[in-house]
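Working notes for the structure below.
Number of protein chains: 4
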Amino acid sequence: MSGNGFGELFRLTSWGESHGPAIGCVVDGVPPGLTLSEADIQPWMDRRRPGQSRYTTQRREPDEVRILSGVFEGRTTGTPVSLLIENQDQRSKDYSEIAQKFRPGHADYAYWSKYGLRDPRGGGRSSARETAVRVAGGAVARRVLADLAGPGLRIRGALVQMGPYRLDRDRWDWNEVDRNPFFCPDAAAAEGWASALEAARKDGSSLGAVIEVVAEGVPAGLGEPVYDRLDADLAKAMMSINAVKGVEVGAGFAAAALSGEANADEMRAGNEGRPRFLSNQAGGILGGISTGQDVVVRFAVKPTSSILAPRRTLDRFGRETEISTKGRHDPCVGIRAVPVGEAMMALVLADHLLRQRAQVGAWGNRLWDPLPPPAES
Amino acid sequence: MSGNGFGELFRLTSWGESHGPAIGCVVDGVPPGLTLSEADIQPWMDRRRPGQSRYTTQRREPDEVRILSGVFEGRTTGTPVSLLIENQDQRSKDYSEIAQKFRPGHADYAYWSKYGLRDPRGGGRSSARETAVRVAGGAVARRVLADLAGPGLRIRGALVQMGPYRLDRDRWDWNEVDRNPFFCPDAAAAEGWASALEAARKDGSSLGAVIEVVAEGVPAGLGEPVYDRLDADLAKAMMSINAVKGVEVGAGFAAAALSGEANADEMRAGNEGRPRFLSNQAGGILGGISTGQDVVVRFAVKPTSSILAPRRTLDRFGRETEISTKGRHDPCVGIRAVPVGEAMMALVLADHLLRQRAQVGAWGNRLWDPLPPPAES
Amino acid sequence: MSGNGFGELFRLTSWGESHGPAIGCVVDGVPPGLTLSEADIQPWMDRRRPGQSRYTTQRREPDEVRILSGVFEGRTTGTPVSLLIENQDQRSKDYSEIAQKFRPGHADYAYWSKYGLRDPRGGGRSSARETAVRVAGGAVARRVLADLAGPGLRIRGALVQMGPYRLDRDRWDWNEVDRNPFFCPDAAAAEGWASALEAARKDGSSLGAVIEVVAEGVPAGLGEPVYDRLDADLAKAMMSINAVKGVEVGAGFAAAALSGEANADEMRAGNEGRPRFLSNQAGGILGGISTGQDVVVRFAVKPTSSILAPRRTLDRFGRETEISTKGRHDPCVGIRAVPVGEAMMALVLADHLLRQRAQVGAWGNRLWDPLPPPAES
Amino acid sequence: MSGNGFGELFRLTSWGESHGPAIGCVVDGVPPGLTLSEADIQPWMDRRRPGQSRYTTQRREPDEVRILSGVFEGRTTGTPVSLLIENQDQRSKDYSEIAQKFRPGHADYAYWSKYGLRDPRGGGRSSARETAVRVAGGAVARRVLADLAGPGLRIRGALVQMGPYRLDRDRWDWNEVDRNPFFCPDAAAAEGWASALEAARKDGSSLGAVIEVVAEGVPAGLGEPVYDRLDADLAKAMMSINAVKGVEVGAGFAAAALSGEANADEMRAGNEGRPRFLSNQAGGILGGISTGQDVVVRFAVKPTSSILAPRRTLDRFGRETEISTKGRHDPCVGIRAVPVGEAMMALVLADHLLRQRAQVGAWGNRLWDPLPPPAES
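Chains as they are written, first to last, in the working numbering: chain A, 141 to 517; chain B, 141 to 517; chain C, 141 to 517; chain D, 141 to 517.
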């Protein structure tokens, strides 16, 4: 109830502070019999890991995940999977200034108002370091998805806008995503972004970003109508990532400006009785339930709030002052949000697959079965 | 778990289909001793009620709410409040066509894929009629907010875009909202929207919209860090409304294009030790927790999918066909989403007020207390 | 969170007061495609209905259940099933005395302490009338059990002790249960109970009881280890029934006095690879998980607290006084607890069947599959 | 949903296997600002720790708890408290026999039926070792109780029956509990139990037990009516402890044999307007809500299933065989269930204190306020 758990049937309970001894999570609801080892998790951790390019924080964390429970002889047992990541690079820094002042754009004042005290070391619980456990939990979710929905279910994310600069969708190439430090599928855009980010850093400033996450091969029928819609749960999932200010599905905000005709994705007969949609304004979700089309979600990340440029603020005594945040920070925190967004997508889909299996008993490659044609009369 | 409940401590459980005998909800977690009667609920129902202008469906529903439990001698008892709304205008229509064909943009195919059967009468459970119970539950939530947070907490919504046409924020006047059929705070924009909507209707088309909901007087400290952030729960709440495709908080998607300096809302000393923020890019929420600034949420509604213009689709037998939706439909379903968005804001805030009271024991006009200035040294 | 919901995946949300206009519940999580009508529910209501013998309250309630949602053309749609039961015999009684005094053994003082006010009419929410909705919800659960686990799963309850008088287990005959007004499987015992109860009533007193509920044909593997054990959830379910003071499974409290050898149910090879247990001290549950043996639960009901014999108490002003409860009351409230206990068993089993299906994907007639014998070496 | 969490607002999520690298839990919902360190937890761990007398298992575990998060400078921050206990004495034992055979009375067959595989090392997740984390979590709950309800709230447990031997309640002396290895408040009974237990061990047998847990100073008003009654949640809590087969509150099963007059606890005026009850058949709970009297719960523990005496069983291949369990086992597992029962009481009360504070806003030393006497007329 204090908000550190995510998911209903496939449930991640997260704990840990940026500069505590460790962070981690408990993943409950994992089906038994799945192969699982640290090797299934580490590659995803490495994608999010800090210190890999000059565009991300220089904090050095190996982010090695240990599985402490729930696996026996290489297979999940159906009991909770406890994951632990030690914090190693807790640089012995003087936190006295940020312990005294509220950093604008940060959660400092909000935590203080809520709890009456806070752990100021590296942002404590509000640090983006918490997202490491989402990626770890998401890796477990991917094992569930692979088992229940098959290899056709694939989740991929990309940066589609950095600061004010959008990519060109005509140049989209998924293969480019791993070739530049921005997870950008447009090689030309990535070059421009490098310059822009370098400039922002030199100015002691920072940039925002927009991320797109696409899930292919999602079976139709996932999502609960009314409140726990698939899109509603995805909106919550993405908005819960640090610094996110907006989420949209399919055409998103642009849908408001479409005509009814342009918005309604028409259907034709496709393979194996599966409908073929002529467009995907819906982003793969209608009435809160997946349709079998690609599930497409985008979210906006605000520019990093830790900037060198001095900002006006108050201290704990209510006195007016200024603060300038030095130290190791991502100039565009949106970059490393890409693997986090993918992980949240995996967590939501795994949860809804189990929910669908619970109530309806079907899952995976479930298709709509066209009825046999009625007899001629 | 099947998604018909909303909220954790202040919890609404919704039921009912568009053309069943009634719809309703159970509101659990209502604090005892609040005054509550149908008269507290009905005005909000009337704002959302269909058939009030030519711009909304001509279905005639009085939407009279009955309180069946949880109130004794005019006061809540702390036990569940059951609310019931009878469906009256279930026009004896022939549903054979939409029972056979999947309407593009509607939930027909998704429900069929999920459940293997569906109630086609008026959309069944996927109908926007369900939103009536949200408004009823939201009215109860407003009673909680008034009692716990005082009269300073005020929730208001407005339409800020219809189709491609935005209002002019310089002309924003909350008093205008009740003077036009669009909940539009810009009288001049409302006139243009009337023409646009009339044109869309004549063309058998429909328009989308963007709604903004603002909550003033929200105490600082509401929202749980990490997953159940206040903004994450608001994102889920709004995205769960029928036809919504995007949600944003504060600067929202535009935040991605801001510089770090422009995005970080600076603070100066205000009244009673409360900080005065120099801007509100954050939309009143930092780190998932309210700051005491106005909470500002916007969401995008797609154009109504029920349109006269014929669209290509499949029938239940997998055969290609067309469908044209006649009948009584809102040409812009976004208009009536305004009171629904307000209700969802009220539900989320009431829930988080109780959550804050549970864990921290404080609520209402909680302020950050500046520490006494340190002694001179 | 205010405790009016029961179950996780198959979830009943209950509402209503004894003398309000109606009581009811919302049943969420019902699998789609099940046949369901009022006729499936009414027979179970009739078993619990008051006014059927001189041993139960003379309040006259037809207890007719209406299904308001979730069913289309005779089949469940997967959406919430709303059930409503009107209160008809709310005798226009003067409640001023019990509104002023705390009845010993009743919830009056406890509600007052909790909420600061209460609905005194007929006990309000604390009335055993609420158990009618459990029976209604239990009837829906039975439809789920029949569909998922097959006709072999049968739930039956019996009164095994009234006041200090136990039945003779050697005379147990399930057919007798419906032939006497006590749900007693021992015809001879029933005769003695009739006299005892008549005597208690004449004395203005009341009797307690012990109920046993047996579920045959429960598949092995239901129940979650650690906290949501099948027996733990059954203990909660039964203890939540009005006036229950104790719950036990299998040998129950008597197990404490057994030797380790006598307690451990030995196993031999049975039919189809299914083990044959040589005893059932465990009551069909080991480690919180069903074993395929009969699930056996017993619970103790205290004597009715509404008695004619005057008892010392306080009034709302803290003044010492006495109270004697006149009116229509069951002299042994345990009798009508039999169908309620059966309903709670059905609710718990339906919930755990769906939970098992969610995580493990198996259900129903699941058997342990003996491995093929190892090859000779 | 897989049952490894306990509590709603004060929530413990448990993980770990008997012979994995560690066990632990995440405690969420802890109010901020409480002093908390390992020193608050360790004494309770030491009470439950194995290897302390010849009457408990000789497994040597220091059971040192580490706090990994949620505490800053000695105070809770309101964020999750992660507790970790390393497993040290995982004796390198040959588990091949119990991996192949189902031990009667153990969860082996049930786990196999549920999951299709299991971790046989020391019972894996079904081991009583899991109860160590309950005691750790219970220690955190005690800090909450001390802060919210004050020092008057005291939880104590005792063994009241070993095998068939009950203590003499007239000799009850709480001071004796820590003077014998059985947590027995009757010194004379303890001597007899020592002999009985020694005899059972020599015979390769084991004994059951009954434990009583008493909570004094519980404020009136805790517990949610209908399903989440305080007694229902306590019943679930105690029944969820390994090997428990029955739970009762107050008079418990004996209540069934009482007359209505004897059962109804009469009230007289006491101190400060607080009623004085003349008896406590109710065990401090009426209508599921605490009355301010002592909360009294008893539970029965079956004899240890790991016994030397050979028992008939099956192996994984369905072949009939026998098993005799050697190794380090408690001859009466009920002894160490005493601190576990106390911990479960603490967890339930802390949860319900927060729930009461959420909905009603009152807590702690809340008293019923007698109304001022009415004016003379």
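Cβ coordinates follow ideal geometry from the N, Cα and C atoms, glycine included. Bear in mind the structure is a predicted one, so any value in this text is a computation, not a measurement.
Who are the Cβ neighbours of A:G210 in its own chain at under 7 Å, not counting the five residues just before and after it?
Position 70 of the first sequence, counted from the start, is the residue given in the question as residue 210 of chain A. Cβ neighbours of A:G210 beyond the five flanking positions: V170, T216, T217, T219, P220, V221, S222.
Check the Cβ of C:R408 against every Cβ in chain D and list those closer than 9 Å, keeping chain order.
As a working note, residue 408 of chain C is residue 268 in the third sequence. Correct list: R452, T453, L454, E460.
Just tell me which of D:R456, D:S430, D:L448, D:G303 has its CA closest to the CA of D:V488.
Here the question's residue 488 of chain D lines up with position 348 in the fourth sequence. Closest option to D:V488, Cα to Cα, is D:S430.
In this structure, does DSSP put D:Y249 in helix, strand or coil?
By one-based count along the fourth sequence, residue 249 of chain D stands at place 109. In the structure shown, D:Y249 sits in a helix (DSSP, three-state: H, G or I).
Taking buried to mean at least 16 other C-beta atoms within 10 Å of its own C-beta, is A:A397 buried or exposed?
Residue 397 of chain A sits at position 257 when you count from the first residue of the first sequence. Buried: at least 16 other Cβ atoms inside 10 Å.
Going along the chain, which residues of the stretch 217-247 of chain C sit with their C-beta nearer than 7 Å to a C-beta in chain D?
Listed by position along the chain: F242, P244, G245, H246, A247.
Measuring only between beta-carbons, confirm whether B:W322 sits less than 7 Å from chain A.
Counted from its first residue, the second sequence places residue 322 of chain B at position 182. It is Phe, not Trp, that sits at residue 322 of chain B in the sequence shown. Taking Cβ atoms only, chain A never reaches closer than 7 Å to B:F322, which makes this a no.
Identify which residue in A:D326, A:L288, A:Q433, A:D229 has its Cα closest to the Cα of A:P190.
Position 50 of the first sequence, counted from the first residue, corresponds to residue 190 of chain A. Among A:D326, A:L288, A:Q433, A:D229, the Cα nearest to that of A:P190 is on A:D229.
Strictly below 7 Å CB to CB, what residues from chain C border B:L257?
Sequence index remark: in the second sequence, residue 257 of chain B carries index 117 (1-based). Correct list: P172, G173, R215, T217.
When we look at the beta-carbon of B:E331 and count the other beta-carbons within 10 Å, is it buried (16 or more) or exposed?
Working through the second sequence from its first residue, we reach residue 331 of chain B at position 191. B:E331 comes out exposed.
To be precise: take each residue of the stretch 373-399 of chain B, compare its Cβ to all Cβ atoms of chain A, and keep it if any distance is under 7 Å. Which residues remain?
The stretch 373-399 of chain B vs chain A, Cβ under 7 Å: D373, A375, K376, M379, S380, K385, G386, V387, E388, V389, G390, A391, G392, F393, A395, A396, A397, L398, S399.
Taking the alpha-carbon of C:E178 as reference, which of C:K376, C:N411, C:D203 has the nearest alpha-carbon?
Looking up residue 178 of chain C in the third sequence gives position 38. C:E178 has its Cα closest to that of C:D203, out of C:K376, C:N411, C:D203.
For C:S517, would you say it is in contact with chain D, using Cβ-to-Cβ distances shorter than 7 Å as the test?
Reading the third sequence from its first residue, position 377 is the one you call residue 517 of chain C. The predicted model places C:S517 with a pLDDT of 47, which falls under 50 and marks its position as unreliable; any figure quoted below should be read in that light. For C:S517, the answer is no, since every Cβ of chain D falls outside 7 Å of its Cβ.
Could you give the DSSP three-state label for B:P359: helix, strand or coil?
On the second sequence, residue 359 of chain B is found 219 positions in, with the first residue counted as 1. Three-state DSSP puts B:P359 in coil, outside helix and strand.
Are the Cβ atoms of B:I225 and B:A272 separated by less than 7 Å?
Residue numbering aside, residue 225 of chain B sits at position 85 when the second sequence is read from its first letter. Residue numbering aside, residue 272 of chain B sits at position 132 when the second sequence is read from its first letter. Yes; because the gap between Cβ atoms is below 7 Å, this pair is in contact.
Just to confirm the assignment: which complete beta strand (DSSP E) runs, minimum length 3, are found wholly within the stretch 376-449 of chain C?
List check, beta strand (DSSP E) in window: 384-389, 407-409, 415-417, 435-441.
Below 8 Å, how does it come out for the stretch 453-465 of chain B and the stretch 399-410 of chain B: are there three or more Cβ pairs, yes or no?
They do not touch, by the three-pair rule.
How close, in whole Å, do the beta carbons of B:W314 and B:P304 come, if the pair is a contact with beta carbons under 8 Å?
Reading the second sequence from its first residue, position 174 is the one you call residue 314 of chain B. Reading the second sequence from its first residue, position 164 is the one you call residue 304 of chain B. Their Cβ separation, rounded to whole angstroms, is 24 Å, which puts B:W314 and B:P304 out of contact at 8 Å.
Would you verify that the beta carbon of A:M185 is, or is not, closer than 7 Å to some beta carbon of chain B?
As a position in the first sequence, residue 185 of chain A is number 45, starting the count at 1. No - not a single Cβ of chain B is within 7 Å of the one on A:M185.
Tell me whether the beta-carbon of A:K385 lies closer than 7 Å to the beta-carbon of B:V389.
To locate residue 385 of chain A, count along the first sequence from 1; it is residue 245. To locate residue 389 of chain B, count along the second sequence from 1; it is residue 249. Yes, the pair counts as a contact, with Cβ atoms nearer than the cut-off.
Just the C-alpha distance for D:P486 and D:R261, rounded to the nearest angstrom, thanks.
As a first step, residue 486 of chain D must be located in the fourth sequence, where it is residue number 346. As a first step, residue 261 of chain D must be located in the fourth sequence, where it is residue number 121. In the sequence as displayed, the identity of residue 486 of chain D is Ala instead of Pro. Roughly 30 Å separates the two Cα atoms.
Please look up how many angstroms separate the CB atoms of C:I447 and C:S345, rounded, as I've assumed it's under 8 Å.
Indexing the third sequence from 1 puts residue 447 of chain C at position 307. Indexing the third sequence from 1 puts residue 345 of chain C at position 205. That pair is a contact at about 6 Å.
Once DSSP output is grouped into helix, strand and coil, what is the label at D:K241?
Within the fourth sequence, numbered from 1, the residue matching residue 241 of chain D stands at position 101. In the structure shown, D:K241 sits in a strand (DSSP, three-state: E or B).
Have a look at the DSSP bridge pairing and note the partners of C:F212.
Locating residue 212 of chain C in the third sequence gives position 72, where the first residue counts as 1. DSSP, once it has assigned bridges, lists C:R215 as partnering C:F212.
I'd like to know whether the C-beta of D:P443 is nearer than 7 Å to at least one C-beta of chain C.
As a first step, residue 443 of chain D must be located in the fourth sequence, where it is residue number 303. So yes, D:P443 belongs to the interface.
With distances taken from CA atoms, which of A:P321, A:R294, A:F242 is nearest A:P471?
Here residue 471 of chain A corresponds to residue number 331 of the first sequence, with the count starting at 1. If we check each option's Cα against that of A:P471, A:P321 comes out closest.
So, helix, strand or coil for C:M141, using DSSP?
What you label residue 141 of chain C is simply residue 1 of the third sequence in a count that begins at 1. DSSP places C:M141 in coil when its eight states are reduced to three.
CA-CA distance, C:V480 and B:Q182?
Position 340 of the third sequence, counted from the start, is the residue given in the question as residue 480 of chain C. Position 42 of the second sequence, counted from the start, is the residue given in the question as residue 182 of chain B. Going by the C-alpha atoms only, they are around 37 Å apart.
Between which two residues does the alpha helix (DSSP H) holding D:D168 run?
If you number the fourth sequence from 1, residue 168 of chain D lands on position 28. Counting along the chain, D:D168 falls outside any alpha helix (DSSP H), though it belongs to the beta strand (DSSP E) covering 162-168.
Is A:S154 helix, strand or coil by DSSP?
Walking along the first sequence from the start, residue 154 of chain A turns up at place 14. A:S154 falls in the strand class under three-state DSSP.
With burial defined as no fewer than 16 other Cβ atoms inside 10 Å of the residue's Cβ, what is the status of A:R309: buried or exposed?
Here the question's residue 309 of chain A lines up with position 169 in the first sequence. Exposed, since its Cβ has fewer than 16 Cβ neighbours within 10 Å.
B:D313 bridges to which residues according to DSSP?
For the purposes of this step, residue 313 of chain B is taken as the residue at position 173 of the second sequence. In DSSP, B:D313 forms no bridge with anything.
Give me whichever residues DSSP pairs with C:I207 in a beta bridge.
Here residue 207 of chain C refers to the residue found at position 67 of the third sequence. C:L223.
Hey, quick one: how far does the alpha helix (DSSP H) through A:A268 stretch, first residue to last?
One-based indexing of the first sequence puts residue 268 of chain A at position 128. Premise fails: A:A268 is in no alpha helix (DSSP H) and is neither H nor E.
Output yes if chain F places a C-beta closer than 7 Å to the C-beta of A:I351; else output no.
Among the protein chains of the structure shown, namely A, B, C and D, there is no chain F.
Would A:K342 pass as an interface residue toward chain B - the criterion being a Cβ-Cβ separation below 7 Å?
Numbered from 1 along the first sequence, position 202 holds the residue referred to as residue 342 of chain A. Chain B, which has no Cβ nearer than 7 Å to the Cβ of A:K342, makes this no.
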